[in-house]
Amino acid sequence: LTFLQRSLEAGHTAHALGTLKRILTILKTVVAQVDVLETLTPTQFLAFRSRLEAASGFESAQFRALEAALGVHGKSNQGGQTVFDSYLRYLSQVGYTVPEEKSSAATQEVLVSVYRDDGEAAQVAERLVDLDEGFQEWRYRHVKMVERTIGDKPGTGGSSGAEYLRRTLFQPAFPDLWAIRSRL
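Note that our numbering has the sequence shown beginning at 8, numbered continuously upward.
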């Protein structure tokens with residue numbers, strides 16, 4: 008995601024779209040791997056679950072970095088810039104007037120213009136929506152896999168398991184890109 012952010016901030020549309028295509032392909036592969044895990048019965052999964060110890064998304068620095076880069080749960084990465092922040096900088100690079108304040112209403116006005124212009128900036132926005140949707144799909148598949156293998160048992164990282172995971176569903180990384188749909 009760092010390369011994507013650099014490409015966006017430099018105004019390199021082709022690089023950004025190519026990087027997003029690669030990210031989306033990787034994400035589809037990760038989501039498809041859940042199919043393999045779902046071939047296990049609960050008993051088969053429980054036979055090796057203890058070997059996972061505390062391994063979980065809670066313990067994964069990479070997963071936390073991914074959430075931060077996407078701005079999920081209001082987090083941002085170490086530099087404070089999310090992928091959406093980088094997209095807004097990209098919009099400035101390609102000629103849109105992006106408000107300084109992070110007001111959703113003002114940002115959404117710009118995004119509506121981007122979509123109405125229907126150019127490359129709208130293509131990038133749609134790939135970001137694909138990324139957001141793919142991440143939400145992964146979360147959903149993860150929840151269903153957990154429900155089918157361990158039910159409501161606690162998660163390996165000490166969370167409430169499926170209950171916690173259900174709370175993370177439908178929290179878009181790019182809410183402004185979803186909010187403007189009804190205005191187009």
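Every residue, glycine too, gets a C-beta built ideally from N, C-alpha and C. Predicted model only: the values in this text are computed from it and were never measured.
query	result
Whether ARG173 touches VAL150 by CB criterion (7 Å)	yes
At least three beta-carbon pairs within less than 8 Å, the stretch 40–55 to the stretch 126–138	no
Residue nearest to ARG57 in terms of C-alpha spacing, selected from PRO161, THR32 and ARG123	The identity of residue 57 in the sequence shown is Ser, whereas the question assumes Arg. Of the candidates PRO161, THR32 and ARG123, the one whose C-alpha sits nearest the C-alpha of SER57 is PRO161.
In chain order, each beta strand (DSSP E) run of at least 3 residues that lies wholly inside the stretch 137–165	none
Identity of the residue in PRO179, THR156 and GLN178 nearest ALA169 by Cα	THR156
Reference ARG146, options ALA39, ALA23 and THR9, closest by Cα	ALA39
CB of SER111 within 7 Å of CB of ASP183, strictly	yes
Contact under 7 Å by Cβ, LEU135 with ILE187	no
Straight-line Cα distance separating SER166 from GLN51	22 Å
Where PHE181 falls, given that 16 or more other Cβ within 10 Å makes a residue buried	buried
Of the residues VAL41, THR32 and GLU133, the one placed nearest TRP185, counting alpha carbons only	GLU133
7 Å CB neighbourhood of GLN12 in its chain, flanking five on each side removed	GLN88, VAL90 and SER93
At least three beta-carbon pairs within less than 8 Å, the stretch 98–108 to the stretch 22–40	no
From GLU108, ILE33, ALA76 and ARG96, residue whose alpha carbon lies closest to that of GLY18	ARG96
Candidates GLY158, PRO179 and ARG190, of which the one nearest LEU53 by Cα	GLY158
Whole-Å CB distance - PRO179 paired with ASP139, under 8 Å assumed	5 Å
Separation of VAL79 from LEU8, as counted between CA atoms	14 Å
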